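Its first residue numbered 220, the sequence shown is counted upward by one per residue in this note's numbering. A virtual CB, placed ideally from N, CA and C, is assigned to each residue, including glycine. It should be emphasised that the depicted structure is a prediction, and the values quoted were computed from it without experimental measurement. To start, the structure under review is shown below, and the notes come after it.
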Amino acid sequence: MSIQYLTVHQMREADRRCIEELGIPGVVLMNNAGNAVFKELDKGPVTVLCGKGNNGGDGFVVARLALVAGWNVKVLLLTEPSNIRGDAEVFMNAYLRLGGEMAICLNDNDVREEVGKIAENETCVDALLGTGTKGEITGLLRTAIESTKRLRNIISVDLPSGMNADTGDICGVCVRARKTVTFQYPKMGFKNPYAREYLGKLVVADIGIPPVCADDNQWIELKRRKGEFFKSNRSNLPNNTEGQKL
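Printed below as a string of structure tokens:
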């Protein structure tokens, strides 16, 4: 079977179908994503670099799981906590309520100082930027990515921060990961030979998005056959439809 690569648009549409039309909550997918990354970590101290988007939310899931497992864990957040919204906020709050340590880095000096505390071979989770990255990276994010160059055990969430997911091109700077845990499908840009040196070992993790969500023809056929379910509120479905497998 050939590997299916998705563009950013295709992956977002698969997410949308899963969440908005099938009714699988986004927090479930985010928790699954973070759990998949956590399973790939070496036991021991871990620092998680979190941005403000869903990628950062995945990072907070990783941090929470590491904390509960009894590991020494710290989050470096590159934005004000008030900028964390939606599903990501759920997992940030859970991590903090469990007593998790977090440093808020709002200037270049803070970033350099905090990243500088990470031992060269310590596990560092890159959850800064997701698949929407395009154009030249500047400012605090650029400083953070440049500061990781000496680190040898970086695990990137979905893709290395600084990589264009569609082309595999580098947006000025890019995290060089030892391992990348990408979700559900590899991204189209991973085909670029130049991207491979930044990806490291690639792990494709199933986070619970049914394959039908990523196949336009199958999706159309599903809605043709099961259209009444898509037109109804899930709470109004007949009892005997619960648990049907797609």
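Asked                                                                                                                                             : Found
In whole angstroms, give me the CA-to-CA distance for I428 and E416.                                                                              : 28 Å
Taking all protein chains shown into account, decide if T342 is buried (16 or more other Cβ within 10 angstroms of its Cβ) or exposed.            : buried
Between the alpha carbons of L465 and V334, how many angstroms are there, rounded?                                                                : Since pLDDT at L465 reaches only 32, below the 50 mark, its modelled position is unreliable, and the value read off the structure follows with that caveat. Whole-angstrom Cα-Cα distance: 44 Å.
Using 8 Å as the threshold, is the C-beta distance between G272 and M249 below it?                                                                : no
When we look at the beta-carbon of T401 and count the other beta-carbons within 10 Å, is it buried (16 or more) or exposed?                       : buried
What are the boundary residues of the beta strand (DSSP E) that M407 is part of?                                                                  : From DSSP, M407 is part of no beta strand (DSSP E); its letter is neither H nor E.
Tell me which same chain residues have a C-beta within less than 6 Å of the C-beta of P300, skipping the five on either side of it?               : none
Taking a contact to mean a Cβ-Cβ separation below 8 Å, would you say L347 touches L297 in this structure?                                         : yes
Closest to Q229 by CA distance: which of P430, R444, V281 and E339 is it?                                                                         : P430
Using 8 Å for Cβ pairs, my map puts G391 next to R361. What's the rounded Cβ distance?                                                            : 7 Å
Considering only the alpha carbon of each residue, which of I374, E365, Y404 and R316 lies closest to I389?                                       : E365
Would you identify the three-state DSSP class for T342, choosing helix, strand or coil?                                                           : strand
With a Cβ-Cβ cutoff of 8 Å, do G197 and W290 count as a contact?                                                                                  : There is no way to answer for residue 197, as the model of the chain reaches only from 220 to 465.
Shortest alpha-carbon distance to E350 belongs to which of D329, F409 and I222?                                                                   : The residue asked about is misnamed: residue 350 is Thr in this sequence, not Glu. Closest option to T350, Cα to Cα, is F409.
What do you get for F449, buried or exposed, if any count of 16 or more other CB atoms within 10 angstroms of its CB means buried?                : exposed
In chain order, what residues of the same chain lie with their CB nearer than 6 Å to the CB of A384, ignoring the 5 residues before and after it? : V227, T350, L378, K406 and G408
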